[in-house]
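Peer 1: Sharing a structure here in structure tokens format.
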Amino acid sequence: MAVCVLRTGSHGGEGRRVRWPPYSQWERSALKKKFLGDWKSLDFLESFWNPVHDQRDLFQYRRASEVWRKRLSGLTFTAISRESGIDQRKACALVSGKNLRPYLLQMYLNRQTLDNPRPGWKWVLECTPKPMNMFPRRVMVPEKIQGYPDILDFLKQFPPASIDHLSLKFFELSSEWVEQHKPILFGFLIGFLMGDAGKYFPEYLTCSRHYTKTSLSTNMKSIDSNIRILTYVRLCLSILGVWSHEISPAPGTIRWTSQSSNLITWILRVCLGLKSHERTSREAVRMDWLRPCPPDFQTSVIQGIAESDGSVDVHGYYASIGSVPNSVFLKKVLASIGTPSRIHPKHNPTQVRINLLPALELPLFNPIINSYRYQSLLTHANSRGFLPPSPIFSRP
């Protein structure tokens, strides 16, 4: 079984420090308009999903607004320094932007580059404002999933996969196939995060002041089947522009980590409906939006969970998914796509069991990954003379 850890923090925070350049003419005009108008309002943050700031950010914002307004009134930096009780060089930097741009000022400038989000949606910035990427990649996300069209609209924002992506070569897939099956890949990622990847992540770090980014780090037994699963997860992450890779392994294990991403946090909070610090090992997901979705998409979510927490009975009577808090929910999802199942044991369910033939017809495990679970399912099916699984999710 996989042991997954979700860690929070910024990516690329180490290394050589990159300094802020002076404000451009456009930036100076935007800030001038702000500080001559309603500078006390932080309503520009309402357009962002899950923005984070603290008292230090508010203090810097108020100090910057004070310095800007005094400078615009004609005071010299010497007078501003004397009146405000701050170093003259810092007063200059607050107005010029050189080497000093308070977080909330930079968020305001980011907001000025964006359209108004559609009703019920918010902007997500994939990194906090920083000198090397002052206007970071932005994606619009729904605050609540209303249905499958929200998933499709969300995924339309991402460009097609690169034909050079390692996962495409590994599975011998084309970028056209990935683009056509992008919802399927996203569904698998949701399921994988609902499986082991939703169980073992620490509290968000207190040093992460401006975001609640989450990275997916996974430890698995070093076997070919698990390599294939993680390579497929890498493909699923890549459609969102989130990279992942193998890191120095411990003996007999595969260690895999992804880039820290606000989008992973959004999937946990909005798609899975988990509150801050909740785990799928203890709390049930809140995903009522899933059952009205198309069967293919629901199946891909089930496959993501099954490749993480699934197994096949040694005698081949049934396949199962272990999920203590979500067994009843999974049974309802399976029923909505016409797959009979049962929870076991009835009074205190710890898993969902599916008879061999329905599990084969679904299919419960992903044929492209071709894991040992899928191979076990085929072995028992062949011994009973069952037909191979349906072509859903098969290679073109």
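Convert by adding 1 to the 1-based position in the sequence shown; the result is the number in the numbering used here.
Note that CB positions come from ideal geometry on N, CA and C, so glycine has one too.
None of the values given here were measured: they were computed from a predicted structure.
So is N117 buried or exposed if we call it buried at 16+ other beta carbons inside 10 Å?
Peer 2: So N117 ends up on the exposed side.
Peer 1: Among S321, K183 and I338, which residue has its Cα nearest to the Cα of H345?
Peer 2: Comparing Cα positions, the closest option is S321.
Peer 1: Which residues in the same chain as N100 place their Cβ atom closer than 6 Å to its Cβ, once the five residues preceding and following it in sequence are excluded?
Peer 2: Around N100: R20, W21 and A94.
Peer 1: For the alpha helix (DSSP H) containing Y373, name the first residue and the last one.
Peer 2: Its alpha helix (DSSP H) spans residues Y373 to S384.
Peer 1: Name the two residues that bound the continuous alpha helix (DSSP H) containing W257.
Peer 2: Segment T254 to S259 is the beta strand (DSSP E) holding W257; no alpha helix (DSSP H) there.
Peer 1: From what residue to what residue does the beta strand (DSSP E) around P143 run?
Peer 2: Residues R139 to P143.
Peer 1: Do the region 333 to 340 and the region 375 to 382 touch if we need at least three Cβ pairs shorter than 8 Å?
Peer 2: As far as the Cβ criterion goes, the region 333 to 340 does not touch the region 375 to 382, which means the pair count is below three.
Peer 1: Secondary structure at S282, three-state DSSP: helix, strand or coil?
Peer 2: Looking at S282 - three-state DSSP - the assignment turns out to be coil, as it is neither helix nor strand.
Peer 1: Give me the Cβ distance between E308 and I370, rounded to the nearest whole Å; I'm assuming they're in contact under 8 Å.
Peer 2: Confirmed, Cβ separation roughly 6 Å.
Peer 1: Measuring only from the beta carbon, is L115 closer than 6 Å to any heavy atom that is part of the ligand ADP?
Peer 2: Among the components of this structure there are no ligands whatsoever, and the ligand ADP is therefore not found.
Peer 1: What whole-angstrom Cβ distance do Q299 and L291 have, given they're in contact under 8 Å?
Peer 2: Confirmed, about 6 Å.
Peer 1: Alpha carbon to alpha carbon, how far is L59 from P250?
Peer 2: Each residue's alpha carbon lies about 42 Å from the other.
Peer 1: Distance, Cα to Cα, F172 vs S216?
Peer 2: C-alpha separation (whole angstroms): 24 Å.
Peer 1: When you compare the CB positions of E144 and G121, do they come within less than 7 Å of one another, or not?
Peer 2: Taking 7 Å as the Cβ cut-off, E144 and G121 qualify as a contacting pair.
Peer 1: I'd like the list of long-range same chain contacts for P295, defined as Cβ closer than 7 Å, with 5 residues on each side in sequence excluded.
Peer 2: Cβ within range, chain order: Y149.
Peer 1: Taking the alpha-carbon positions, what's the G386 to T213 distance?
Peer 2: Taking the straight line from one Cα to the other gives about 51 Å.
Peer 1: Looking at W50: is its Cβ nearer than 7 Å to the Cβ of K123?
Peer 2: Yes, they are a contact pair.
Peer 1: Are I306 and G188 close, meaning C-beta to C-beta below 7 Å?
Peer 2: In this structure, G188 does not lie closer than 7 Å to I306 by Cβ.
Peer 1: Please go through the same chain and pick out, in chain order, the residues whose beta-carbon is closer than 6 Å to the beta-carbon of A92, but skip the five residues on each side of it.
Peer 2: The answer, listed in chain order, is V68, F78, I81 and S82.
Peer 1: Count the other CB atoms, across all protein chains shown, that sit within 10 Å of the CB of Q107; report buried if there are 16 or more and exposed otherwise.
Peer 2: Buried is the call here.
Peer 1: Can you tell me whether V353 is helix, strand or coil according to DSSP?
Peer 2: Strand.
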